[in-house]
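The opening position of the sequence shown corresponds to residue 121 in this note's numbering, with each subsequent residue numbered one higher.
Beta carbons: idealized from backbone N, C-alpha and C, even for Gly.
One structure below.
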Amino acid sequence: MAGITNGQFCSKMSIYGFDVLTIGGYNADKKAINAGLKIIKRGRPEFNINENRLYQHIEEEIKLIKSHPNYHGKVSVNLRSSSPNPIIEISKIEELDIIEINAHCRQPELIESGCGQALLENPEILYDFVSEVVKSCKKKVSVKIRANVSGVDDIEIAKAVNDAGADYIHIDAMNPGHDCADFSIIKSIRNNVDLFIIGNNSIRDLESARQMLSAGADGISIARAAMNGTLPFDLSSV
121 MAGITNGQFC SKMSIYGFDV LTIGGYNADK KAINAGLKII KRGRPEFNIN ENRLYQHIEE
181 EIKLIKSHPN YHGKVSVNLR SSSPNPIIEI SKIEELDIIE INAHCRQPEL IESGCGQALL
241 ENPEILYDFV SEVVKSCKKK VSVKIRANVS GVDDIEIAKA VNDAGADYIH IDAMNPGHDC
301 ADFSIIKSIR NNVDLFIIGN NSIRDLESAR QMLSAGADGI SIARAAMNGT LPFDLSSV
């Protein structure tokens with residue numbers, strides 16, 4: 121999340137009434153790890169995760185969040201991987217509630233390794249990837265995608281996620297050239313899938329949160345609006 125991946129930050133946010141707090145993204149396989157190391161070298165320290173003990177690290181982060189007396193919601197982990205197996209392995213963490221497949225990250229090194237946004241390039245491959253995770257893990261499955269990527273049919277991608285059996289689709293409704301989300305793509309996807317839609321992008325106040333829900337999202341995802349450790353509006357008023 122915008123450079124913050126840890127349970128300590130999520131614990132601070134527990135007082136604001138979130139239903140789900142998400143840690144990550146984390147690099148879960150060798151290709152993603154190697155891509156992350158290249159990204160670190162060009163000044164992105166948030167990719168500096170000790171993947172040698174990733175399973176234990178995620179366990180510890182989840183326990184930190186769930187031990188907070190003010191938090192009674194779920195914990196999700198966002199994972200980048202070029203194959204389903206490492207994600208399935210992480211899903212075995214007992215206290216983890218939701219596993220999220222990252223089909224979103226646009227760092228060139230990750231795309232070249234077949235991770236993140238690269239999964240949007242072929243809906244059939246994405247379908248197989250998500251299907252394998254859904255079939256093999258006992259947790260709820262979310263897929264985070266980026267909308268309005270050149271050459272990608274957002275509706276076809278959403279249908280692939282839906283048909284693969286995922287529980288949630290987390291949509292970064294990126295709107296190139298505008299300082300607001302693309303609410304029209306949320307409406308279009310809403311009309312084509314039965315998935316629980318989590319709307320993301322440029323939610324910074326009550327108005328933008330309500331717009332996202334009015335467009336057809338079932339829930340909203342907030343990142344940059346909370347980066348200073350506080351939330352500038354009351355979630356219960358959304």
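Strictly by DSSP, which residues pair up with D292? Position 172 of the sequence shown, counted from the start, is the residue given in the question as residue 292. D292 pairs with R266 and N320.
Buried or exposed, going by whether 16 or more other CB atoms sit within 10 Å of the CB of S262? Against the sequence shown, residue 262 aligns to sequence position 142. Burial call: buried.
To the nearest angstrom, how far is it from the Cα of D302 to the Cα of P206? By one-based count along the sequence shown, residue 302 stands at place 182. By one-based count along the sequence shown, residue 206 stands at place 86. If you take the alpha carbons of D302 and P206, they lie about 32 Å apart.
Sub-8 Å separation of E179 and I213 beta-carbons: As a first step, residue 179 is located in the sequence shown; it is residue number 59 there, counting from the start. As a first step, residue 213 is located in the sequence shown; it is residue number 93 there, counting from the start. Cβ atoms of E179 and I213: closer than 8 Å.
Taking buried to mean at least 16 other C-beta atoms within 10 Å of its own C-beta, is G145 buried or exposed? For the purposes of this step, residue 145 is identified with residue 25 of the sequence shown, where counting begins at 1. The residue is buried, with at least 16 neighbouring Cβ atoms inside 10 Å.
Any idea if T350 is buried or exposed, counting beta-carbon neighbours within 10 angstroms, 16 or more meaning buried? On the sequence shown, position 230 is the one that residue 350 refers to. Classification for T350: exposed.
In the DSSP output, what is T350 paired with across the bridge? Along the sequence shown, read from residue 1 onward, the residue named residue 350 stands at position 230. Partner(s): none; T350 has no beta bridge.
Three Cβ pairs or more, each shorter than 8 Å: is that satisfied between the segment 127-137 and the segment 185-196? yes
The beta strand (DSSP E) spanning G339 covers which residue range? Within the sequence shown, numbered from 1, the residue matching residue 339 stands at position 219. Segment G339 to S341, the beta strand (DSSP E) holding G339.
I265 vs I245 beta-carbon contact at 8 Å: Looking up residue 265 in the sequence shown gives position 145. Looking up residue 245 in the sequence shown gives position 125. For I265 and I245, no; Cβs fall outside 8 Å.
In chain order, what residues of the same chain lie with their CB nearer than 8 Å to the CB of V358, ignoring the 5 residues before and after it? The sequence position of residue 358 within the sequence shown is 238, counting from 1. L326, A329, R330, L333 and I340, listed in sequence order.
Taking only three categories from DSSP, how would you classify G271? Numbered from its first residue, the sequence shown carries residue 271 at position 151. Note: G271 maps to coil in three-state DSSP.
Count the other CB atoms, across all protein chains shown, that sit within 10 Å of the CB of E229; report buried if there are 16 or more and exposed otherwise. Within the sequence shown, the letter at position 109 stands for residue 229. Classification for E229: buried.
Backbone CA spacing between A284 and V254 [nearest angstrom]: For the purposes of this step, residue 284 is taken as the residue at position 164 of the sequence shown. For the purposes of this step, residue 254 is taken as the residue at position 134 of the sequence shown. Computed Cα separation, rounded: 7 Å.
Bounding residues of the beta strand (DSSP E) (the contiguous stretch that carries V140): Along the sequence shown, one-based indexing puts residue 140 at 20. Note, V140: beta strand (DSSP E), V140 to N147.
With a threshold of 16 other CB atoms inside 10 Å of the CB of M347, please say whether the residue is buried or exposed. The residue labelled residue 347 in the question sits at position 227 within the sequence shown. Exposed: under 16 other Cβ atoms inside 10 Å.
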